[in-house]
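Engineer: Here it is, the structure in full.
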Amino acid sequence: MTPHAPAHAHALTVDADIRDLRGADRLLRRLAAELDLPEGTFGCTHLVRGDRPRVAVSLSLPSDPYLRTTWERLEADGHGELSAGLPDAFGRAVVYPGASALTGTTTVAELIAGSAISRVTVLGAPGTPDPGTRMVTRDHVRPQWQQGELLLAATPARGGVLVPFESPDPTPCCADH
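As structure tokens, then:
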């Protein structure tokens, strides 16, 4: 699969007043299923700061007709406040080409070849990992857009494997307070 940037010209943002990433992830997966989004769609989360911090979601679709149809359906179903374009260029991808196949253990090379992810970086390590390095996906791969590339941050784990930096079950900060 050839990595490519989302079609910013065919993008919309949904602000459903969601307060956490898990809720935004659920909304994106639900929208992808309900709307039967076409191949080539990117669904991302975006942190909105300011007086009312929240997480908005964006959909970048492969063409204008898909954008219009998706907009109409979202508006009719009342999924939230809609706006044209992306809220920023740093979306965290949840729905993207190849995402559903990133389960179990794969290699860095297979992950890149089979998805829209352009590159894997290892936190605290220079360069890129060896293509043959095993990646334990934990069935939760959330790359982020950086300078037009979809990058996956990973960390080393026991047994010489890598895992995505973002954990599927994070421990809330200050959980006992």
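Start counting at 1 in the sequence shown, then tack on 3, and there's your number in this note's numbering.
Note that beta-carbon positions come from the ideal geometry of N, C-alpha and C, so glycine has one too.
Let me know if residue 80 comes out buried or exposed under the rule of 16 or more other beta-carbons within 10 Å of its beta-carbon.
Structural biologist: exposed
Engineer: Are there 16 or more other CB atoms within 10 angstroms of the CB of residue 94, so buried, or fewer, so exposed?
Structural biologist: buried
Engineer: Compute the Euclidean distance between the alpha carbons of residue 124 and residue 134, then round it to the nearest angstrom.
Structural biologist: 11 Å
Engineer: Per DSSP, residue 49 forms a beta bridge with which residues?
Structural biologist: 59
Engineer: Taking the straight line between their C-alpha atoms, what separation do you get for residue 120 and residue 78?
Structural biologist: 30 Å
Engineer: Which word fits residue 177, buried or exposed, when buried means at least 16 other C-beta atoms lie within 10 angstroms of its C-beta?
Structural biologist: In this prediction, residue 177 scores a pLDDT of 49, lower than 50, which makes its location untrustworthy; no coordinate-derived value is stated.
Engineer: Since I believe residue 164 is in contact with residue 137 (beta carbons under 8 Å), could you give me their beta-carbon distance rounded to a whole number of angstroms?
Structural biologist: Contact between residue 137 and residue 164 is confirmed by a C-beta separation of about 5 Å, below the 8 Å threshold.
Engineer: Look at the Cβ atom of residue 49, then the Cβ atom of residue 20, and state whether they are nearer than 7 Å.
Structural biologist: no
Engineer: Using the Cα positions of residue 6 and residue 23, report the straight-line distance between them to the nearest angstrom.
Structural biologist: At residue 6 the pLDDT is 43, less than 50, meaning the model places this residue with poor confidence and gives no usable figure here.
Engineer: What does the Cβ neighbour count give for residue 130, buried or exposed, with the cut at 16 atoms within 10 Å?
Structural biologist: exposed
Engineer: With a 10 Å radius around its C-beta and 16 neighbouring C-beta atoms as the bar for buried, classify residue 184 as buried or exposed.
Structural biologist: Outside the shown range of the chain (4 to 180) lies residue 184, about which nothing can therefore be said.
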